[in-house]
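Taking it in order: structure first as structure tokens, then the write-up.
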Amino acid sequence: MPELPEIETIKRGIVNNVGSKIKSIEVNRLDIIKRQEFELDLLYNETITGVGRRGKYLLLTLGEYFLIFHLGMSGRFYILDADSEDNTPHIHVIIYLDNGNKLIYQDTRRFGGVFLVRDLVKFFAKMGVEPLTDDFTADYLYNITRGRKIPIKSLLLDQRIIAGIGNIYADESLFLAKIRPDKKAGLLTLTEAAALSVAVKEVLTRSIEERGTTFRDFRDGYNKTGNYQKMLKVYGRTNESCLDCGTSLTRRVIGGRASHFCPDCQK
DNA sequence: CTGGATTCCTGCTTGC
DNA sequence: TGCAAGCAGGAATCCA
Numbered sequence: 152m153p154e155l156p157e158i159e160t161i162k163r164g165i166v167n168n169v170g171s172k173i174k175s176i177e178v179n180r181l182d183i184i185k186r187q188e189f190e191l192d193l194l195y196n197e198t199i200t201g202v203g204r205r206g207k208y209l210l211l212t213l214g215e216y217f218l219i220f221h222l223g224m225s226g227r228f229y230i231l232d233a234d235s236e237d238n239t240p241h242i243h244v245i246i247y248l249d250n251g252n253k254l255i256y257q258d259t260r261r262f263g264g265v266f267l268v269r270d271l272v273k274f275f276a277k278m279g280v281e282p283l284t285d286d287f288t289a290d291y292l293y294n295i296t297r298g299r300k301i302p303i304k305s306l307l308l309d310q311r312i313i314a315g316i317g318n319i320y321a322d323e324s325l326f327l328a329k330i331r332p333d334k335k336a337g338l339l340t341l342t343e344a345a346a347l348s349v350a351v352k353e354v355l356t357r358s359i360e361e362r363g364t365t366f367r368d369f370r371d372g373y374n375k376t377g378n379y380q381k382m383l384k385v386y387g388r389t390n391e392s393c394l395d396c397g398t399s400l401t402r403r404v405i406g407g408r409a410s411h412f413c414p415d416c417q418k
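If you're matching positions, the first sequence starts at 152 in our numbering and goes up one per residue.
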């Protein structure tokens, strides 16, 4: 499940293609384009002026145009030599560059999509704060949780509030902050909100350092796995021992999502 | 407005 | 052994 650290890892892996021009774009499935504010042909011969990330979205900037990718839960985005053969199933978009590379967008389950955007501000208008910026503070988290009855985990996953956290990092952050995922958001104290905001930053930062988590599907820009799965303390460790206290870890569906936590450490 | 359920999709895992 | 059912989940959408 590509979340913020995985998209950031991909972004860093493809940044060396900035400055090259798009020769052509091959779209194998039209319905993978979820939004189209301009014709794809307009990008031919345009230069990639930047690569970026907002939440879980990967951005290619081409002057005034933006080519945006969301990887859903099984999507991949990687670089190959333009003339190399790639028979991977479910390749939906191939971007041929004038530097001899091609960029591949592949997504088995097609929960992701491609967005051809001109009005970037409007496109991201409803997106929440970036958790690794100074906008994401204890006060912000505390204030936004007031009066909310949903589980704190559901709130962490709400992209309109915080951008980029998915199921894995929500569970890991809550464990680090010693807060149960099913605790009502409105019941968090300021101290807990502070611990959680710090924990989110810590977990995401460490994962980026480890080039993301490969639970099953994730690959970086060079189709290599990440390493953070080795550091996971609760996610996917149902019935294994808590690394802090030894108690058997619990798995429970919260807000429709499989959730993992320590029933002793997390209050 | 809030919160919960539903839907999309494919492939791996589970159980009979 | 083989096959069908179960499960996974980001985010839009719908409904109460």
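Here a beta-carbon is modelled for each residue, glycine too, at the ideal position from N, C-alpha and C. Keep in mind that this is a model prediction, so the values were computed, not measured.
Considering only the beta carbon of each residue, do residue i and residue j sit closer than 9 Å?
i	j	result
ALA336	LYS384	no
LEU307	VAL351	yes
SER348	THR288	yes
ILE246	ILE313	no
VAL266	ARG180	This sequence places Phe at residue 266; Val is not what is there. Cβ distance not < 9 Å, so PHE266 and ARG180 don't count as in contact.
GLY387	PRO302	no
LEU222	LEU283	no
Comparing alpha-carbon positions, which option in the options lies nearest residue i?
i	options	result
GLU236	ASP249, LEU254 and GLY226	LEU254
ASP272	ARG205, THR198 and LEU292	One point to set straight first is that residue 272 is Val, not Asp, in the sequence displayed. That would be ARG205, whose Cα lies nearest to the Cα of VAL272.
THR198	PHE189, ASP249 and ILE183	ASP249
MET224	GLY263, ALA344 and GLY251	GLY263
GLU391	VAL404, HIS411 and GLN380	HIS411
ILE176	GLY377, TYR386 and ASN252	ASN252
ARG402	ARG362, THR356 and PHE326	PHE326
GLY281	VAL169, ILE316, ILE161 and GLU157	Looking at the sequence provided, one finds Glu at residue 281 rather than Gly. Ranking VAL169, ILE316, ILE161 and GLU157 by Cα distance to GLU281 puts ILE316 first.
ASN168	GLU215, GLY203 and LEU394	GLY203
ILE161	GLU361, GLN417, ASP415 and GLY397	GLU361
CYS130	LEU155, GLN380 and GLN417	Limits of the chain in this structure are 152 at one end and 418 at the other, which puts residue 130 out of reach.
GLU159	ARG297, ARG357 and VAL404	ARG357
GLY279	ARG297, ASP270, ARG311 and GLY201	ARG311
PHE274	ILE219, ASP368 and ASN196	ILE219
GLU154	GLY226, GLU215 and ASN196	GLY226
THR389	CYS413, ASN378 and MET382	CYS413
Taking only the alpha-carbon atoms, compute the straight-line gap between residue i and residue j and give it to the nearest angstrom.
i	j	result
SER324	ARG163	23 Å
ASP290	LEU341	7 Å
VAL178	ILE242	9 Å
PHE257	GLY372	Looking at the sequence itself, residue 257 is Gln, so the reference to Phe does not match. If I take the Cα positions, the gap works out to 12 Å.
ASP286	ASN238	43 Å
LEU101	ASP415	Residue numbering for the chain in the displayed model covers 152 to 418; residue 101 lies beyond these limits and cannot be assessed.
LYS207	GLY363	13 Å
ALA276	GLU188	16 Å
LEU394	LYS329	13 Å
GLY201	GLY170	8 Å
THR376	VAL166	18 Å
ARG408	GLY298	22 Å
GLU215	LEU338	45 Å
GLU353	PRO240	36 Å
VAL404	ARG367	20 Å
ALA346	ASN196	48 Å
With a cut-off of 8 Å on the beta carbons, I'd call residue i and residue j a contact; round off their distance for me.
i	j	result
ILE183	VAL244	7 Å
MET152	ASN318	6 Å
LEU213	LEU194	6 Å
PHE217	LEU210	6 Å
LEU321	LYS334	The amino acid occupying residue 321 in the given sequence is Ala; Leu does not appear at that position. About 13 Å separates the two Cβ atoms, so there is no contact after all.
TYR293	ALA344	4 Å
ARG370	TYR229	6 Å
ILE295	PRO156	Actually they are not in contact, since the Cβ atoms of ILE295 and PRO156 sit about 22 Å apart, beyond 8 Å.
THR365	GLN380	6 Å
Let me check you understand the geometry: is the CB of residue i closer than 8 Å to at least one non-hydrogen atom of the ligand GTP?
i	result
GLY363	The model depicted lacks the ligand GTP and carries no ligand whatsoever.
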